[in-house]
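Undergrad: Quick note, the sequences are listed as chains A and B, same order.
Going by the working numbering, the first residue of the first sequence is number 1, and it counts up by one from there.
Going by the working numbering, the first residue of the second sequence is number 240, and it counts up by one from there.
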Amino acid sequence: MPFHRIQHLLHKLLPGTPQLRPVEEISPPFGSDLPAGSLSVMACHDCDLLNRFPERVTRTVLCARCGAVLYQHKPNSIDRSLALTLAALILFVLSNCFPFLAMKSGGFIQETTLLTGIHELWKQELYGLAGLVMLTCVLVPLLQMVGLLYILAPLKLGLRPAGQAARVLRLVQEVAPWGMMEVFMMGILVALVKLGHMATIIPGISVFSFGALIFAMAAAFSNLDPPMLWARLDLRRYA
Amino acid sequence: MHKSAAATARQLGLITCHDCHLLISEEQFQAHPHCPRCGAHLHQRKPNSLTRTWALVWTAIILIIPANVLPMTITSSLGTKQGDTILSGVIFFMQTGSWEIASVIFIASIFVPFCKLLILIFLLTSVQFKSSWRPKDRTSLYRLTELVGRWSMVDIYVVTILVALVKLGAVATIEAGPAAVYFAAVVVTTMFAAESFDPRLIWDVIEEKI
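1) Closest to I202 (chain A) by C-alpha separation, out of A:V168, A:A212, A:A231 and A:I188, would be which residue?
2) Just the C-alpha distance for A165 (chain A) and F422 (chain B), rounded to the nearest angstrom, thanks.
3) For the putative contact between L440 (chain B) and R249 (chain B), defined by C-beta atoms under 8 angstroms, what is the C-beta separation to the nearest angstrom?
4) Figure out for me which residue from A:A216, A:G158, A:L126 and A:Q173 has the closest Cα to the Cα of T399 (chain B).
5) Using the beta-carbon of each residue, which ones in chain B are nearer than 8 angstroms to D46 (chain A)?
6) Using the Cβ count rule (16 or more neighbours within 10 Å means buried), how would you classify N51 (chain A)?
7) Which residues of chain A have a Cβ atom closer than 8 angstroms to the Cβ of V397 (chain B), listed in chain order?
8) In the DSSP assignment, find the beta strand (DSSP E) that holds N51 (chain A) and state where it starts and stops.
9) Does DSSP put V329 (chain B) in a helix, in a strand, or in coil?
10) At a Cβ threshold of 8 angstroms, is I400 (chain B) touching chain A?
11) Counting only Cβ pairs nearer than 8 angstroms, list the residues of chain B close to L132 (chain A).
12) D323 (chain B) lies in the beta strand (DSSP E); which residues open and close that run?
13) Could you check which residue in B:K448, B:Q334 and B:T429 has the C-alpha nearest to that of T292 (chain B)?
14) Grouping DSSP H, G and I as helix and E and B as strand, with all else coil, what is G37 (chain A)?
15) Can you name the start and end residues of the beta strand (DSSP E) that T238 (chain B) belongs to?
16) Starting from L386 (chain B), trace the alpha helix (DSSP H) in both directions and tell me its first and last residue.
17) Pick from A:L135, A:L192 and A:D79: whose alpha carbon is nearest that of L148 (chain A)?
18) At a CB-CB cut-off below 8 angstroms, which residues of chain B make contact with V41 (chain A)?
19) Give me whichever residues DSSP pairs with I254 (chain B) in a beta bridge.
20) Using the three-state DSSP reduction, which class does V61 (chain A) fall into: helix, strand or coil?
21) Does any residue of chain B have a CB that is nearer than 8 angstroms to the CB of R160 (chain A)?
22) Would you mind reading off the limits of the beta strand (DSSP E) that contains A347 (chain B)?
23) Between the Cα of L295 (chain B) and those of B:L317, B:A432 and B:P438, spot the shortest distance and give me the residue it belongs to.
24) Taking Cβ positions, are F92 (chain A) and L213 (chain A) nearer each other than 8 angstroms?
25) Using 8 angstroms as the Cβ pair cut-off and three pairs as the minimum, do the segment 410-419 of chain B and the segment 305-315 of chain B touch?
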């Protein structure tokens with residue numbers, strides 16, 4: 001068996017490693033019924049060093065060589081992430097339904113929604129730019145929220161994980177750098193100051209819900225516990 | 240270093256899944272190059288990391304020129320048209336006294352992209368010359384570039400919002416200038432460049448030396 005080979009190698013090369021149990025026994029139900037003292041071995045994603053640490057560690061584990069974060073303890077992860085994801089989804093709907101910013105100057109009032117800017121760029125034939133803004137501020141965050149809901153809801157309800165859950169979790173992790181709502185918020189602030197001199201800017205409900213959405217999303221992600229999710233979604237267990 | 244007993248995954252013939260961090264033996268990898276746990280495509284190091292990163296860095300270097308020279312926004316106001324580059328925007332804010340906005344734009348649109356490119360060039364050359372200089376700090380530098388790169392998008396979003404808001408017919412209209420496209424392309428290519436660089440290469444060359 002491949003895993004036994006890994007164990008054997010580790011045992012030979014890292015004296016003092018207790019004999020590891022097969023992954024099927026180690027990873028499943030999030031360590032709750034594991035005896036104390038079992039170890040997990042993890043290669044650092046930044047420097048490839050093999051790190052050993054207790055399976056049921058309740059602190060942040062850093063790589064011994066380069067200091068990368070290997071593991072973070074996330075209590076109550078499913079409940080918290082799920083709640084925050086639902087909150088984020090509601091805020092996302094609000095942000096897209098209500099007026100975003102309005103500019104009043106003289107007799108003119110120019111009212112916009114979150115998507116007006118993208119639409120304007122599109123009309124100026126800057127399709128790539130419009131697509132990029134749409135992707136980073138609307139589609140990727142939406143995908144992340146729906147994806148998390150799809151993964152977490154069955155786990156919370158005690159059902160079998162959704163069929164594509166492993167693939168969706170990978171996707172959610174991979175698109176993460178491209179969700180840039182917080183950068184957009186910064187853009188809003190800059191634009192407000194920029195236009196502050198020449199006109200009155202009236203912020204709509206959407207701006208506030210968007211601001212809250214950023215915190216809800218960030219909190220949902222920081223409460224996510226990928227190692228636990230990977231153990232539960234393990235494709236080998238549901239083959 | 241004190242790590243005589245420590246070993247890397249590669250030294251033990253193990254491969255880490257990029258997505259779920261499962262350790263997989265080389266035999267298993269050769270039989271089936273996908274992660275048994277999450278289904279991701281496996282690779283010991285990011286494929287062609289140096290070549291890809293160099294290509295993307297050069298692309299970004301070329302694109303950053305029009306991004307800074309051409310106008311980012313074109314303001315039409317009562318018949319006159321005025322183009323603003325990134326730098327002229329910063330100078331305008333400094334002169335009108337909103338130095339905090341000036342510094343945000345300067346850091347996000349000029350400082351971060353240039354620093355990011357310099358850091359990536361430094362990391363690439365240091366790996367190619369098999370440098371063993373401060374690997375831990377270089378890894379931190381890599382993590383930093385990965386983290387801050389996204390904030391360069393601020394200017395693109397400012398343009399998006401301005402374009403939507405400032406549409407007062409003949410009084411004032413703002414349009415996105417050609418630099419916006421080039422600048423967005425710089426941000427995207429540098430983000431891909433940072434993603435395709437594999438920091439484990441920094442450590443690999445040191446291990447090969449020992």
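We put the beta carbon where it would ideally sit given N, CA and C, even for glycine.
TA: To lay it out plainly:
1) A:I188
2) 36 angstroms
3) That belief does not hold up - the Cβ atoms of L440 (chain B) and R249 (chain B) are roughly 11 angstroms apart, past 8 angstroms.
4) A:L126
5) T378, Y381, R382, P438 and R439
6) buried
7) G187, V190, A191 and K194
8) L50 to P54
9) helix
10) yes
11) I395, A423 and V427
12) T319 to D323
13) B:T429
14) Bear in mind that a pLDDT of 46 at G37 (chain A), under 50, signals an unreliable position, so the model cannot answer this.
15) Here chain B covers residues 240 to 449 and nothing more, so residue 238 (chain B) does not appear.
16) P374 to V387
17) A:D79
18) L262
19) B:I263
20) strand
21) no
22) Segment: none, A347 (chain B) is in no beta strand (DSSP E) and carries neither H nor E.
23) B:A432
24) yes
25) yes
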